[in-house]
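Asks: Each residue of the sequence shown is one higher than the one before, starting from -9 at the first, in this note's numbering.
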Amino acid sequence: MTKMEDRVLFTLNHILQKKKRKITLESRLWEDLFVDSVDMSMIIGDLEDEFEITITDDEFADVVTVNDIVEKLKARGLSDYQSIMNSI
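(1) Ignoring anything shorter than 4 residues, give me the alpha helix (DSSP H) runs that lie fully in the segment 25 to 71, in order along the chain.
(2) In whole angstroms, what is the alpha-carbon distance linking residue 29 and residue 5?
(3) Rounded to the nearest angstrom, what separates residue 35 and residue 53 at their Cα positions?
(4) So, helix, strand or coil for residue 11, using DSSP?
(5) So is residue 75 buried or exposed if we call it buried at 16+ other beta carbons inside 10 Å?
(6) DSSP has residue 18 in a bridge; who is on the other side?
(7) Go ahead and label residue 41 buried or exposed: buried means 16 or more other beta carbons lie within 10 angstroms of its beta carbon, across all protein chains shown.
(8) Let me confirm a value: residue -3 is counted as buried when at least 16 other C-beta atoms fall within 10 Å, else exposed. Which label applies?
(9) Quick check on DSSP: helix, strand or coil for residue 76?
See below:
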């Protein structure tokens, strides 16, 4: 697992901790994790902070799994260590 995958999983676990679901890269956001629109807004906000980017709702409108989020972030050219390097 890459650092980026770890960071996305950490973010989802932080937001969804009250739902007590096991979160994996294969987890489907709505069917498995019961993410609602409020949760999704919080997830996007945390990912924006974590990766120091701006994400529009449209960019994530078609995500189904946790791995889809990782792939969207990678497609933007983000590296696993970008935020770490910016914070030093």
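All residues carry an ideal CB built from backbone N, CA and C; glycine is no exception.
Replies: Taking the definition as stated:
(1) 27 to 41 and 56 to 65
(2) Position 39 of the sequence shown holds residue 29. Position 15 of the sequence shown holds residue 5. Taking the straight line joining both Cα atoms gives about 7 Å.
(3) By one-based count along the sequence shown, residue 35 stands at place 45. By one-based count along the sequence shown, residue 53 stands at place 63. Taking the straight line joining both Cα atoms gives about 16 Å.
(4) Counting from 1 along the sequence shown, the entry for residue 11 is found at position 21. Coil, per DSSP.
(5) As a working note, residue 75 is residue 85 in the sequence shown. Per-residue confidence for residue 75 stands at a pLDDT of 45, beneath the threshold of 50, marking its modelled position as unreliable; no derived number is given.
(6) Locating residue 18 in the sequence shown gives position 28, where the first residue counts as 1. Note: residue 18 sits in a beta bridge opposite 55.
(7) For the purposes of this step, residue 41 is taken as the residue at position 51 of the sequence shown. So residue 41 counts as buried.
(8) Reading the sequence shown from its first residue, position 7 is the one you call residue -3. So residue -3 ends up on the buried side.
(9) Taking the first residue of the sequence shown as position 1, residue 76 is located at position 86. Only weak support is given to the placement of residue 76: the predicted model assigns it a pLDDT of 46, under 50, and the value that follows is read from those uncertain coordinates. In the three-state DSSP reduction, residue 76 falls in the helix class (H, G or I).
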